[in-house]
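Take the sequence shown: its letter number 128 is residue 144 in the numbering used here, and every next letter is one higher.
For glycine and all other residues, C-beta sits at the position ideal for the given N, C-alpha and C.
Here's the structure, in structure tokens; my notes come after.
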Amino acid sequence: MARRLPAFLNTTAFRVTMLSAALLALSSLVILTFVYFASVGASLRRTDATVEEEIAVIENRVRNGGIDAVNRYILQRSVGGSDFLYLLVHPTGRRVSGNLSGLPDEEADEEGRLQFSYRRPPAGEEESEKDERLARGRLAPLPGGYAVFVGLDVEDEERLVGGLLRAVLAASALALALGMASGIFISRRFARRLDAINNVARQVRAGDLKQRTPRTMTGDELDELSANFNGMLDRIEELMHRMKNVGDSIAHDLRSPLTRMRNRLDEALRDESTDREATVAQAISDADELLRVFNAILSISRLESGDRRQVLEPIDPHAIAEDLAELYDPVCEDAGISFSAEIAEGCRIAGERDLVSQAIANLLDNAVKYTPEGGAVALRLRCRANGEVEFSVTDTGPGIPGADRLRVIQRFVRLDNSRSKPGSGLGLSLVKAIAEYHGARLELDDGPGTGPHGPGLRAALVFPAPK
């Protein structure tokens, strides 16, 4: 039975790392090969230049002293331990002098240069122990039909170049081996981290929303992926928790008006003396209240899902505040509450006028609803120093405790002291959804109340500075 390869060998990270290692080894080979050939070329050019200089010296001696001067020069150089190889050739082709026994058999290139092997006995050893070495030279013609061959031993340089070639191959193999080793290490580490994320995903798919992916806090791509994945799971868990509770909340808050509606209609059917017209009118009123609740739920859902998302246009918040102040001044007067408005001019926000008006109206409705008779409600519009625009509604009612301010903006959440008031617990949820739609934020703080009814509440809708 064939053994199964480790999982990390089948990962994209392993393949990418192996490809990178191969490219690194290839690039190293190309660079080192270039260095090798550049070194070989430089060595050959240096040897050829040295040979040409020696040939020029011999040609100069021919011009000044004839062939005998050249012969004496070659004899002196041959027995004097020179690195050069000489052979003076008679016009008939016989050897005249030099430390070479004859012309090399190798063919010359287009420039007359050739690379050949020769035997030279090492110093202090017998003739039978000659060694073969490599040299490079050129045959140059001389006056009178003579010719001279000048060569230079390049065995040591060839060995150096050969060592350089072996170093190039060893370095390329080392680069490939190190690349493969690092690829295996990185891909194993990458695979372990991906396995951890996949394991969490499988457990979440099985229904365990409490699971979270581990983080290394290194700030790399996988750590950022884990952070975003965990944030997504937090959001999903929050939404699932809301959905889990929303059914109970709807049943709790809508059961009473539905029960009242049914009882009234049932009584009207059984008792002919009942004012059926008033009963139908009350049933219609109850149905309108139910429709308002469901419309609010739909509005919140659409805002949170982005169904209405469009380019926000500049609007004048001063006109919105003026209209609302004119509308709620008589409402507060009828409720026995004093109303005041402080509205700044010159502010600008980007948004949808109807949604902004609805959000501020919800805040004013809550303020009027929970402010006792003799209390006060204030509407304020101001431009902050940082360019933000703030709508605020302040009342002198019971307020909202600090511990409940995050909870009260959730759907169908109503505090105990508000159960006696009509409502569905969706007002602040809708305001929060409108704020998020506009990139604004909802702030809830204590109001200025100092009386027996509580500290009051200051609800502010803060819009970002227009771009």
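V384: first and last residue of the uninterrupted alpha helix (DSSP H) it sits in: Judged by DSSP secondary structure, V384 falls within the alpha helix (DSSP H) whose first and last residues are R369 to Y386.
From L444 to G415, what distance separates their C-alpha atoms? The C-alpha of G415 is placed about 13 Å away from the C-alpha of L444.
Is V170 helix, strand or coil when you go by DSSP? In this structure, V170 counts as coil in the three-state DSSP scheme.
Chain-order list of residues whose beta-carbon lies under 8 Å from that of M11 (same chain, five-residue window excluded): Nothing about residue 11 can be read from this structure; the chain reaches only from 17 to 483.
What are the residues that DSSP puts in a beta bridge with I365? I365 is bridged to I331.
Could you please give the first and the last residue of the uninterrupted alpha helix (DSSP H) stretch that includes A449? Annotation for A449: the continuous alpha helix (DSSP H) segment containing it runs G443 to Y453.
Identify every residue that forms a DSSP beta bridge with S408. The beta-bridge partner set that DSSP reports for S408 consists of R396 and A476.
With a threshold of 16 other CB atoms inside 10 Å of the CB of N214, please say whether the residue is buried or exposed. Classification for N214: exposed.
Just how far apart, CA to CA, sit R152 and A193? Between the C-alpha atoms of R152 and A193 there is a straight-line separation of about 38 Å.
Looking at the secondary structure, which residues open and close the beta strand (DSSP E) in which L484 lies? Absent from the model: residue 484. The displayed extent of the chain is 17 to 483, so no value can be given.
Sort S198, R231, T229 and G82 by Cα distance to P159 and report the nearest one. Taking only the C-alpha atoms, the option nearest P159 is G82.
Considering Cα atoms alone, identify which of N279, E122, V46 and E368 is closest to A456. Ranked by how close their Cα comes to the Cα of A456, the residues N279, E122, V46 and E368 have E368 in first place.
Can you give me the C-alpha to C-alpha distance between K483 and V372, rounded to a whole angstrom? When rounded, the distance between both Cα atoms is 18 Å.
Which two residues bound the contiguous beta strand (DSSP E) that contains G160? For G160, there is no enclosing beta strand (DSSP E), since its DSSP letter is neither H nor E.
With contact counted as at least three CB pairs below 8 Å, one residue from each stretch, are the segment 468-480 and the segment 405-419 in contact? The segment 468-480 is in contact with the segment 405-419.
Proximity below 8 Å, CB of I71 to CB of V170: Cβ atoms of I71 and V170: not closer than 8 Å.
Can you say whether E141 is buried or exposed, counting buried as having 16 or more other CB atoms within 10 angstroms of its CB? The predicted position of E141 is uncertain, since its pLDDT is 47 and thus under 50; no value can be drawn from it.
Cut-off 8 Å between Cβ atoms - residues of its own chain near A299, not counting five sequence neighbours on either side: Sequence-distant partners of A299 (beyond 5 residues in either direction) whose C-beta falls short of 8 Å from its own C-beta, in its chain, are M277, R280 and L281.
Assign A451 to buried or exposed, taking buried as 16 or more other Cβ atoms, counted over all protein chains shown, within 10 Å of its Cβ. Per the 10 Å Cβ criterion, buried.
Does the beta-carbon of G235 have 16 or more other beta-carbons within 10 angstroms, so that it is buried, or is it exposed? Exposed.
Answer yes or no: do S356 and A383 have a C-beta to C-beta separation smaller than 8 Å? S356 is not a Cβ neighbour of A383, given a cutoff of 8 Å.
Neighbourhood of M233 by C-beta distance below 8 Å, restricted to the same chain and skipping five residues each side: D239, listed in sequence order.
Does the segment 121-134 come within contact of the segment 181-198, defined as at least 3 CB pairs closer than 8 Å? Not touching, per the Cβ criterion.
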